[in-house]
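Here the structure comes first, spelled out in structure tokens, and everything after it is commentary.
Residue numbers (full-length UniProt numbering): 1 to 315.
Written out as structure tokens, the structure reads:
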């Protein structure tokens, strides 16, 4: 029996620390942004078609653009696998910007699968959820690590080492994270190539930098679980200096990070691929978070998000 309407929710993710060095066997930490969500609702359609409503596309599933082909494959698989009538209206509402390293495609897939299983009133295990999300992610990223999907489905930070099982790690930190969009699309593949070339040209020096990022990631894990906010801020700043040395920052990112440090940030760094995209700043409380957002807004930053690093109690 199908429900009249079903809903699925997921969240954004950012890389807290370990981008780029994770490619070379070092650990990385990803953080779910529980304040930045994707909502998917599914209800029976008045037609015998699957209709999609979203900010990027409105229309019949069969006409989805190539950039969204992963979702087409996923929806068709879900319908056929569960022997469901192909008559539904799927509404996708996302707070996530695309191509900013926040796991937009994985978050949509997770919310979509959750809504679908609620719609057909079938149980959904976490393993099945992540395996299904991988169908869409393979079309989007060719060889996905699974990190985006796992973090979008989680409420806890995720510890990742290449070719090892992803693990949840504890967080006990009284602080806030301000995530800001530099306004420039991130260039992940270009940034990865820059590091690869640097390893060829300066192998010893570059390997040392990569290993330092790995050590900082272990230190960040300890700081997160022991409420060491000042130490974590220093770790962010040290990591950013290394990312600049590796050549994956940008003039705009450097400028906005310096502005953040002058306006209450305990530590700021780029997040994700770099060469643009987003950056993160650690602040001590909600007041400091809003003051930093105001300073960034005055400097021309259009999109910011505030994420508590602990579970906020409702007023």
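Don't be surprised by glycine CBs; every beta carbon is placed ideally from N, CA and C.
Checklist line | Collapsed DSSP secondary structure at residue 267 in the structure displayed | finding: Residue 267 falls in the strand class under three-state DSSP.
Notebook entry, point to check: With distances taken from CA atoms, which of 6, 8 and 28 is nearest residue 272?
Noted result: The shortest C-alpha separation from residue 272 is found at 28.
Next item on the list: Since I believe residue 75 is in contact with residue 61 (beta carbons under 8 angstroms), could you give me their beta-carbon distance rounded to a whole number of angstroms?
Entry: That pair is a contact at about 6 angstroms.
Note to self: Let's see if you can read the secondary structure: which residues bound the alpha helix (DSSP H) around residue 240?
What the structure shows: For residue 240, the enclosing alpha helix (DSSP H) covers residues 229–246.
Item checked: Span separating the alpha-carbon of residue 95 from that of residue 24 -> Looking at the backbone, the Cα of residue 95 and that of residue 24 are separated by about 32 angstroms.
Margin query: Only counting the same chain, and skipping five residues up and downstream in sequence, which positions put a Cβ closer than 7 angstroms to that of residue 231?
Written below: Contacts found: 223.
Next item on the list: Could you check how far apart the C-beta atoms of residue 248 and residue 274 are, in whole angstroms? I think they sit under 8 angstroms.
Entry: A Cβ-Cβ distance of about 4 angstroms is found for the pair residue 248 and residue 274, placing them in contact under the 8 angstroms criterion.
Next item on the list: Tell whether a beta-carbon distance below 8 angstroms holds between residue 93 and residue 39.
Entry: Against a cut-off of 8 angstroms, the Cβ pair of residue 39 and residue 93 comes out as a contact.
Notebook entry, point to check: Over what stretch of residues does the alpha helix (DSSP H) that includes residue 108 continue unbroken?
Noted result: For residue 108, the uninterrupted alpha helix (DSSP H) run begins and ends at 104–119, by DSSP.
Next item on the list: Give a yes or no on contact between the segment 52–59 and the segment 176–190, applying the rule of three or more CB pairs nearer than 8 angstroms.
Entry: Touching, no, given that fewer than three Cβ pairs across the two stretches are closer than 8 angstroms.
Next item on the list: Assign residue 32 to one of three DSSP states: helix, strand, or coil.
Entry: Residue 32: strand per DSSP, three-state reduction.
Margin query: Rounded to the nearest angstrom, what separates residue 263 and residue 257 at their Cα positions?
Written below: Distance between residue 263 and residue 257, taken at the CA atoms: about 10 angstroms.
Next item on the list: Check the DSSP bridge columns for residue 181 and list the partner residues they point to.
Entry: Answer is 278, bridged to residue 181.
Checklist line | Candidates 124, 18, 69 and 8, of which the one nearest residue 332 by Cα | finding: With the chain running from 1 to 315 in the structure shown, residue 332 is simply not present.
Item checked: Other residues of its chain near residue 68: CB distance less than 8 angstroms, five sequence neighbours each side excluded -> Around residue 68: 56 and 57.
Check: Considering residue 53, what are the terminal residues of the beta strand (DSSP E) in which it resides?
Finding: In this chain, the beta strand (DSSP E) harbouring residue 53 covers 50–53.
Next item on the list: Answer with buried or exposed for residue 240, where buried requires no fewer than 16 other C-beta atoms within 10 angstroms of its C-beta.
Entry: Here residue 240 is buried: its Cβ has 16 or more other Cβ atoms, across all protein chains shown, within 10 Å.
Note to self: Counting beta carbon pairs with one atom in the segment 285–293 and one in the segment 96–112, are three or more of them shorter than 8 angstroms?
What the structure shows: Under the three-pair Cβ rule at 8 angstroms, the segment 96–112 does not count as touching the segment 285–293.
Item checked: Local Cβ density within 10 Å of residue 315, reported as buried at 16 or more and exposed below that -> Reliability of the predicted coordinates at residue 315 is poor, the pLDDT of 42 falling under 50, and the value obtained from them is presented with this limitation in mind. When all chains shown are included, residue 315 counts as exposed.
Margin query: I'd like to know whether the C-beta atoms of residue 116 and residue 78 end up nearer to each other than 8 angstroms.
Written below: The answer is yes: Cβ separation under 8 angstroms.
Item checked: Segment limits, alpha helix (DSSP H) that includes residue 207 -> 203–225 is the extent of the alpha helix (DSSP H) around residue 207.
Notebook entry, point to check: When the Cα of residue 91 is compared with those of 98, 71, 303 and 101, which residue comes out closest?
Noted result: It is 71 whose Cα lies nearest to the Cα of residue 91.
Next item on the list: Keeping to the same chain, check which residues put their C-beta closer than 7 angstroms to that of residue 1; ignore five residues upstream and five downstream.
Entry: Bear in mind that a pLDDT of 46 at residue 1, under 50, signals an unreliable position, so the model cannot answer this.
Notebook entry, point to check: Within this structure, are the beta carbons of residue 236 and residue 268 separated by less than 8 angstroms?
Noted result: Yes, they are a contact pair.
Next item on the list: Could you spell out where the beta strand (DSSP E) holding residue 5 opens and where it closes?
Entry: That run of the beta strand (DSSP E) goes 5–17.
Check: Near residue 184, which residues of its chain fall below 6 angstroms by C-beta distance, leaving aside the five closest residues on each side in sequence?
Finding: Cβ neighbours of residue 184 within its own chain (closer than 6 angstroms, five residues either side excluded): 252 and 276.
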